[in-house]
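Scroll down for the structure; my scribbles are underneath it.
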Amino acid sequence: MAWHYVGVGSFGTGLLFGMIGRKRIYFSNRQQYNKYHFGVFCQFLSGFGFILTRKTKNPMHAGAFFISGTLCNSLLAYYEGYRDHREYAPLEYDTATVRLFGFYSILSGFALLTLRSAGYMIF
1 MAWHYVGVGS FGTGLLFGMI GRKRIYFSNR QQYNKYHFGV FCQFLSGFGF ILTRKTKNPM
61 HAGAFFISGT LCNSLLAYYE GYRDHREYAP LEYDTATVRL FGFYSILSGF ALLTLRSAGY
121 MIF
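Per the UniProt record's numbering, the very first residue in the sequence shown carries number 1; after that it's consecutive.
Given below as structure tokens:
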């Protein structure tokens, strides 16, 4: 039952951050705007995944993928968006690899749920 609340909290957080950064004029360029809202989209995907994992025998297996996807993709997007809103200097390192890992973690979580529901995995 706790995974349901984590999923609803993830939806609420994504909605809140999406409403905070809803105007394009707050961002310095279109790429920052798109990265921020892709983080919001990944937050929604993770919330949906959390709600789906509550029905499994051991929800931590797939839930770990959704947690890592939220940490690597959404929180990084929110941090960069916050820095851009406050007109701080941009990050000096490239975060594309971390974001890619986060997105693939979310996809892996959904693949694990799909394989488990089809009966290919016994745990």
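The C-beta atom is built at its ideal place from N, Cα and C for all residues, glycine as well.
- DSSP places K23 outside both helix and strand once states are collapsed to three, so it counts as coil.
- Between A62 and G49, the C-beta spacing is below 8 Å.
- Between Y5 and H85, the beta carbon gap of about 29 Å keeps them out of contact (Cβ cut-off 8 Å).
- A residue is called buried when at least 16 other Cβ atoms come within 10 angstroms of its Cβ; N73 meets this threshold and is buried.
- Cβ neighbours of T56 within its own chain (closer than 8 Å, five residues either side excluded): A62, L113, R116.
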